[in-house]
Amino acid sequence: LQENLILIDEKADFYRNYLRKEKQDRSRYINLYAIATQLLKQHEHAFKAISVTPEVILTEDQQEFTLWGYEGDFDTIFANLITNAYKALKKASGKKHFYFKLESDNGIIVVHSVNNGQPIREEHRSKIFEPMFSTYSDGTGLGLTIVQDTISLYQGDIVLEEDSNDTHFKLTIPRHKAPEEGA
Numbered sequence: 070l071q072e073n074l075i076l077i078d079e080k081a082d083f084y085r086n087y088l089r090k091e092k093q094d095r096s097r098y099i100n101l102y103a104i105a106t107q108l109l110k111q112h113e114h115a116f117k118a119i120s121v122t123p124e125v126i127l128t129e130d131q132q133e134f135t136l137w138g139y140e141g142d143f144d145t146i147f148a149n150l151i152t153n154a155y156k157a158l159k160k161a162s163g164k165k166h167f168y169f170k171l172e173s174d175n176g177i178i179v180v181h182s183v184n185n186g187q188p189i190r191e192e193h194r195s196k197i198f199e200p201m202f203s204t205y206s207d208g209t210g211l212g213l214t215i216v217q218d219t220i221s222l223y224q225g226d227i228v229l230e231e232d233s234n235d236t237h238f239k240l241t242i243p244r245h246k247a248p249e250e251g252a
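Heads up: the sequence shown runs through residues 70 to 252, numbered per my numbering.
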């Protein structure tokens, strides 16, 4: 019961934080490292229950991962990737891992979301970004569609890497600046 209460409290904190109005209606400089770290912290007990210690790996100073945008957009992106990884890892056995790796390349932020949970079957790989397609009976089929649509608002992209034994999503996002500074 105590474990379940901790998980419920953790999930409630996530939703309270996610629904804060200022995250949705005001653009500002946001740090993707801080967002990813905070969301993983909010899901810490859920991952611990399935013997996973997720992490955020930086290749450069975390200031390299700051861009102009809406915090709520990136909360949505990371939350969907975290939720999908959790579901895949929950169905897997053996030594499991999940991490975000953040890189910067000539004004482009690259985010890798990698887990070794239950893999996406070959016949599903071409459909995962389609609205209403889900491999989970309790899924809506909207998560990755929302991620893709949101990333495209920032002139970015998300792909499922083919050359990996893990489930590896690669997101590329141009570093936007405040409108008065030029994009």
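Think of the CB as a built atom: it goes at the ideal place given N, C-alpha and C, for glycine as much as any other residue.
Check, Outcome
"Boundaries of the alpha helix (DSSP H) in which residue 221 is found, first to last residue", "212-222"
"Buried/exposed call for residue 238, threshold 16 Cβ in 10 Å", "buried"
"Inter-residue spacing [alpha-carbon to alpha-carbon] between residue 160 and residue 185", "10 Å"
"Buried versus exposed call for residue 174 [16 or more other C-beta atoms within 10 Å across all chains shown]", "exposed"
"Simplified DSSP assignment, three categories, for residue 259", "Residue 259 falls outside the range modelled here, since the chain spans only 70 to 252, and no answer is possible."
"Given 8 Å, three or more beta-carbon pairs between the segment 107-120 and the segment 138-151", "yes"
"Residue 196: first and last residue of the uninterrupted beta strand (DSSP E) it sits in", "Taken as a continuous stretch (DSSP letters only), residue 196 belongs to no beta strand (DSSP E), as it is neither H nor E."
"Residue 235: CB within 8 Å of a non-hydrogen atom of the ligand GTP", "No copy of the ligand GTP appears in this structure; indeed no ligand is present at all."
"Cβ-based burial, residue 176 [other Cβ within 10 Å; buried from 16]", "exposed"
"Segment contact flag, the segment 98-108 with the segment 127-138, C-beta cutoff 8 Å, min 3 pairs", "yes"
"Under the three-state DSSP convention, the category residue 245 falls into", "coil"
"Inter-residue spacing [alpha-carbon to alpha-carbon] between residue 156 and residue 130", "31 Å"
"Through-space distance from residue 178 to residue 223, alpha-carbon basis", "11 Å"
"Residue 110 - partner residues in DSSP beta bridges", "Looking at the DSSP assignment, residue 110 forms no beta bridge with any residue, so it has no partner."
"Contacts around residue 124, its chain only, beta-carbon distance under 6 Å, and the 5 residues preceding and following it disregarded", "168"
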